[in-house]
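One structure is given here, and the rest of the page talks about it.
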Amino acid sequence: MRIAVVHGPNLNLLGQREPEVYGSATLAEVDAALVALGTELGAEVATFQSNGEGALVDHVQQAASSVDGFLVNAGAYTHTSVALRDALVGVHRPFVEVHLSNVFAREPFRHHSFLSDRALGLVAGFGADSYLLALRALVSHLRRGRGDGSAHSPIQS
């Protein structure tokens with residue numbers, strides 16, 4: 247199983263940009279934790295960060311043929327990018343929207359997402375752990391979709 251992690255603008259500044267909002271973990275630390283958890287879960291995790299909308303769109307399109315799903319922290323593009331939304335919808339891979347902060351407890355313009363209604367789920371507000379929670383959920387979803395009984399949720403609906 248392969249998972250692509252897409253980090254949007256300014257996430258390269260993690261650890262130094264507003265640590266009271268985004269935490270003290272650097273992007274390299276977040277990526278290392280994701281790769282380690284992926285290994286534990288039996289998933290290969292590849293990460294990508296860009297400040298450019300076009301580069302993010304290109305990456306989603308190029309990665310889609312070799313991945314099972316995406317974790318996406320689109321940063322500010324969450325609230326502005328129809329292009330990134332169209333790319334994620336167009337490649338027909340499940341994705342989980344991720345945010346370090348609770349966007350709904352912040353400025354009103356951050357309350358709207360162009361991604362949420364098409365995302366498998368949304369994890370926000372847990373700092374760097376948001377990514378790890380999202381990875382666990384996505385891997386579990388993908389395993390259930392494959393009929394692999396190794397990832398049953400303890401909560402049955």
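First residue of the sequence shown? That's 247 in our numbering, and the numbers climb one at a time after it. Where is the CB? At the ideal position from N, CA and C, for every residue including glycine. Treat the numbers as computed from the prediction; the structure is a model and nothing was measured.
Kindly indicate the opening and closing residues of the beta strand (DSSP E) around residue i.
i: Thr223; result: Outside the shown range of the chain (247 to 403) lies residue 223, about which nothing can therefore be said.
i: His253; result: Arg248 to His253
i: His357; result: No beta strand (DSSP E) holds His357; DSSP gives it neither H nor E.
i: Ala370; result: Gly367 to Ala370
i: Glu343; result: Phe341 to His345
Which residues bound the alpha helix (DSSP H) around residue i?
i: Leu273; result: Leu273 to Leu287
i: Gly300; result: Glu299 to Ala309
i: Ala333; result: Val328 to Gly336
Since residue i contacts residue j with CB under 8 angstroms, what's their CB separation in whole angstroms?
i: Ser252; j: Val318; result: Note that residue 252 is Val in the sequence shown, not Ser. Indeed they touch by this definition, with Cβ atoms about 5 angstroms apart.
i: Gly243; j: Ser347; result: No answer is possible for residue 243: the residues shown for the chain start at 247 and end at 403.
i: Val344; j: Ala380; result: 5 angstroms
i: Leu378; j: Leu283; result: 6 angstroms
i: Leu287; j: Arg382; result: 7 angstroms
i: Val276; j: Val291; result: With 8 angstroms as the limit, Val276 and Val291 do not qualify as a contact, their Cβ atoms being about 11 angstroms apart.
For a test of the three-state rule: what should DSSP assign to residue i, helix, strand or coil?
i: Ala322; result: helix
i: Phe350; result: helix
i: Ile401; result: The predicted position of Ile401 is uncertain, since its pLDDT is 39 and thus under 50; a value taken from the coordinates is nonetheless stated next. Coil, per DSSP.
i: Gln262; result: coil
i: Ala214; result: This structure cannot speak to residue 214, because the chain is shown only from 247 to 403.
i: Ser386; result: helix
i: Gly395; result: For Gly395, the predicted model reports a pLDDT of 44, less than 50, meaning its position is unreliable and no value from the coordinates is stated.
i: Asn256; result: coil
Look up residue i in the DSSP assignment and give the residues it is bridged to.
i: Gly315; result: Ile249
Using 8 angstroms as the threshold, is the segment 358-377 in touch with the segment 298-311, meaning 3 or more CB pairs across them? Contact between the segment 358-377 and the segment 298-311 is not established, with fewer than three Cβ pairs separated by less than 8 angstroms.
Using 8 angstroms as the threshold, is the segment 352-366 in touch with the segment 324-331, meaning 3 or more CB pairs across them? Verdict: yes, contact present.
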